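Trainee: Using the working numbering, read the sequence shown as starting at 96 and increasing by one per residue.
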Amino acid sequence: MPDLIKRTLGRTKLNVTALGYGAMELRGSNASIRNGKSFTDEEAKKVLNTVLDVGINFIDTSIDYGMSEEMIGKHIAHRRSEYFLASKCGCAATPEALLVSGQHINKRENIVAGVNQSLKRMKTDYLDLVQFHRTPSPQDMPDAVQTLHDLHREGKVRFIGSSSTLPELPDLIKSGSFDAFQIPYSALEREHETVIAQAAKAGAGTVIRGGVARGERGRGNADPNRWMAWDKARMNEILDGMSQFEFLLRFTISHPDVHTTIVGTINPDHILSNVAALRKGPLPPNLYAEAKKHLAAAGAVPA
Numbered sequence: 096m097p098d099l100i101k102r103t104l105g106r107t108k109l110n111v112t113a114l115g116y117g118a119m120e121l122r123g124s125n126a127s128i129r130n131g132k133s134f135t136d137e138e139a140k141k142v143l144n145t146v147l148d149v150g151i152n153f154i155d156t157s158i159d160y161g162m163s164e165e166m167i168g169k170h171i172a173h174r175r176s177e178y179f180l181a182s183k184c185g186c187a188a189t190p191e192a193l194l195v196s197g198q199h200i201n202k203r204e205n206i207v208a209g210v211n212q213s214l215k216r217m218k219t220d221y222l223d224l225v226q227f228h229r230t231p232s233p234q235d236m237p238d239a240v241q242t243l244h245d246l247h248r249e250g251k252v253r254f255i256g257s258s259s260t261l262p263e264l265p266d267l268i269k270s271g272s273f274d275a276f277q278i279p280y281s282a283l284e285r286e287h288e289t290v291i292a293q294a295a296k297a298g299a300g301t302v303i304r305g306g307v308a309r310g311e312r313g314r315g316n317a318d319p320n321r322w323m324a325w326d327k328a329r330m331n332e333i334l335d336g337m338s339q340f341e342f343l344l345r346f347t348i349s350h351p352d353v354h355t356t357i358v359g360t361i362n363p364d365h366i367l368s369n370v371a372a373l374r375k376g377p378l379p380p381n382l383y384a385e386a387k388k389h390l391a392a393a394g395a396v397p398a
């Protein structure tokens, strides 16, 4: 069986699979976690090892994702050489931050505490990529970035990034401070299509979230408004035998400047079907162009 499609994550030079694993689905069902689902320890072990067994080598998680980091540390830390590990910072880690419910604090104390906590939870000496979970304010930005550079010098962080959106992204790209950006994008959420290209042209890696429209229609956290856009664009007319999910994944990886797109699940069978779709590669150029015409006619266009 051929290897999964891999792409270079910008200036990091990390050779990442075009399909990554979003470990938010391992957050658990704690009452304080929105839309979390319960799972057994064995289920977490199986899905994480399936991710690695099929060849996916990029895993994205966060301090905010409940049990996710602990599950990674417990079940696949012994396979650390097989995957690149991305987490986030600015999430509540210090007593000060915990007092600010639902917010992110991009102050030195909280960033350092968060990274150290992630290292301990995931039983690793380093994180390949640490991303600000929320774009720091202009006042916090200089010290926040410097803090990550300090952690880089200590060997705890290899590369730094930011999970950001418009309108902040162009300025963040121009700053040259970030090695990678996590950006929302799919056929039904095309606002960032152009800025993804701008980030890649500047040498940054691009990590895409929401690349399959954030869930299959009628399942889990799927956004019904996005699927209304699908209907308006008459996308079912051009599927050419594909499922909606396969079409969306292949549309996302058809963007030449998308390096990896993270998709989450707790079901190993979904991992296998995602990989099967990925192996078919980007959409044929004529179909990709036709899809963009349908979407544009329905108002789904880049910002």
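All C-beta atoms, glycine included, are put in the ideal place defined by N, C-alpha and C.
Note that the coordinates shown come from a computational prediction; the quantities given were computed from them, not determined experimentally.
Using a Cβ-based criterion (distance less than 7 Å to any ligand heavy atom), does Asn110 qualify as near the ligand ATP?
Mentor: In the structure shown, the ligand ATP is absent, as is every other ligand, since no ligand is present at all.
Trainee: Would you call Lys215 buried or exposed, if buried means 16 or more other Cβ atoms sit within 10 Å of its Cβ?
Mentor: In the sequence shown, counting from the first residue as 1, residue 215 sits at position 120. It is exposed - the Cβ of Lys215 has fewer than 16 other Cβ atoms within 10 Å.
Trainee: Rounded to whole angstroms, what's the CA-CA distance from Val240 to Asp335? Just pull it up for me.
Mentor: Position 145 of the sequence shown, counted from the first residue, corresponds to residue 240. Position 240 of the sequence shown, counted from the first residue, corresponds to residue 335. Approximately 46 Å, taken between the alpha carbons.
Trainee: Got a sec? Which residues, its chain only, sit under 6 Å from Ser272 by beta carbon, not counting five neighbours each side?
Mentor: Within the sequence shown, residue 272 is the residue found at index 177, counting from 1. Val240.
Trainee: Bridge partners for Arg102 per DSSP, in chain order?
Mentor: Position 7 of the sequence shown, counted from the start, is the residue given in the question as residue 102. Answer by DSSP bridge pairing, in chain order: Val111.
Trainee: Pull up the DSSP beta-bridge partners for Cys184, would you.
Mentor: Numbered from its first residue, the sequence shown carries residue 184 at position 89. Looking at the DSSP assignment, Cys184 forms a beta bridge with Phe227.
Trainee: What does the alpha-carbon distance come out to for the pair His389 and Ala282?
Mentor: Stepping through the sequence shown from its first residue, residue 389 is reached at position 294. Stepping through the sequence shown from its first residue, residue 282 is reached at position 187. About 10 Å.
Trainee: To the nearest angstrom, how far is the alpha carbon of Leu267 from that of Pro279?
Mentor: Within the sequence shown, numbered from 1, the residue matching residue 267 stands at position 172. Within the sequence shown, numbered from 1, the residue matching residue 279 stands at position 184. Whole-angstrom Cα-Cα distance: 16 Å.
Trainee: If Gln293 and Pro265 are in contact, beta carbons under 8 Å, what's the gap, nearest whole angstrom?
Mentor: Position 198 of the sequence shown, counted from the start, is the residue given in the question as residue 293. Position 170 of the sequence shown, counted from the start, is the residue given in the question as residue 265. Yes, Gln293 and Pro265 are in contact; Cβ-Cβ is about 7 Å, under 8 Å.
Trainee: Hey, could you find the ends of the beta strand (DSSP E) Gln277 is sitting in?
Mentor: What you label residue 277 is simply residue 182 of the sequence shown in a count that begins at 1. Here the beta strand (DSSP E) through Gln277 covers Ala275 to Pro279.
Trainee: Taking C-alpha atoms, which residue in Leu180, Ser176, Val146 and Arg174 lies nearest to Ser157?
Mentor: Counted from its first residue, the sequence shown places residue 157 at position 62. Ser157 has its Cα closest to that of Leu180, out of Leu180, Ser176, Val146 and Arg174.
Trainee: Please state whether the Cβ-Cβ distance between Val149 and Leu344 is less than 8 Å.
Mentor: The residue given as residue 149 occupies position 54 in the sequence shown. The residue given as residue 344 occupies position 249 in the sequence shown. In this structure, Leu344 does not lie closer than 8 Å to Val149 by Cβ.
Trainee: Within 10 angstroms of its Cβ, does Asp220 collect 16 or more other Cβ (buried), or is it exposed?
Mentor: Indexing the sequence shown from 1 puts residue 220 at position 125. Looking at its Cβ environment, which holds fewer than 16 other Cβ atoms inside 10 Å, Asp220 is exposed.
Trainee: With which residues is Ser258 paired in a DSSP beta bridge?
Mentor: Reading the sequence shown from its first residue, position 163 is the one you call residue 258. Answer by DSSP bridge pairing, in chain order: Gln277.
Trainee: Counting beta carbon pairs with one atom in the region 140 to 155 and one in the region 375 to 385, are three or more of them shorter than 8 Å?
Mentor: At 8 Å Cβ cutoff, the stretches do not touch.
Trainee: Roughly how many angstroms lie between the CA atoms of Ala297 and Gln226, to the nearest whole one?
Mentor: Residue numbering aside, residue 297 sits at position 202 when the sequence shown is read from its first letter. Residue numbering aside, residue 226 sits at position 131 when the sequence shown is read from its first letter. Using only the alpha carbons, I get a separation of about 18 Å.
Trainee: Please look up how many angstroms separate the CB atoms of Leu147 and Thr356, rounded, as I've assumed it's under 8 Å.
Mentor: Translated into the one-based positions of the sequence shown, residue 147 becomes position 52. Translated into the one-based positions of the sequence shown, residue 356 becomes position 261. Incorrect: roughly 18 Å between the Cβ atoms, too far for contact.
Trainee: Which of helix, strand or coil does DSSP assign to Thr145?
Mentor: Counting from 1 along the sequence shown, the entry for residue 145 is found at position 50. Helix.
Trainee: Is the beta carbon of Asp326 closer than 8 Å to that of Ala299?
Mentor: By one-based count along the sequence shown, residue 299 stands at place 204. By one-based count along the sequence shown, residue 326 stands at place 231. Contact: no.
Trainee: State the Cα-Cα distance for the pair Asn110 and Leu104, rounded to the nearest angstrom.
Mentor: Taking the first residue of the sequence shown as position 1, residue 110 is located at position 15. Taking the first residue of the sequence shown as position 1, residue 104 is located at position 9. Roughly 6 Å separates the two Cα atoms.
Trainee: Quick one: give me the first and last residue of the alpha helix (DSSP H) that Asp364 is part of.
Mentor: Residue 364 sits at position 269 when you count from the first residue of the sequence shown. Looking at the DSSP string, the run of the alpha helix (DSSP H) that includes Asp364 is Pro363 to Arg374.
Trainee: Just to confirm before moving on: does the CB-CB distance between Ile303 and Val353 stay below 8 Å?
Mentor: Counted from its first residue, the sequence shown places residue 303 at position 208. Counted from its first residue, the sequence shown places residue 353 at position 258. Cβ atoms of Ile303 and Val353: closer than 8 Å.
Trainee: What three-state label does DSSP hand Glu284 in the structure shown?
Mentor: Translated into positions along the sequence shown, residue 284 becomes position 189. Strand at Glu284.
Trainee: Here's the rule: buried if 16 or more other CB atoms are within 10 angstroms of the residue's CB, otherwise exposed. What is Thr301?
Mentor: On the sequence shown, residue 301 is found 206 positions in, with the first residue counted as 1. Classification of Thr301: buried, given that the 10 Å Cβ count is 16 or more.
Trainee: So the alpha helix (DSSP H) Val207 belongs to, where does it begin and stop?
Mentor: Counted from its first residue, the sequence shown places residue 207 at position 112. That run of the alpha helix (DSSP H) goes Arg203 to Arg216.
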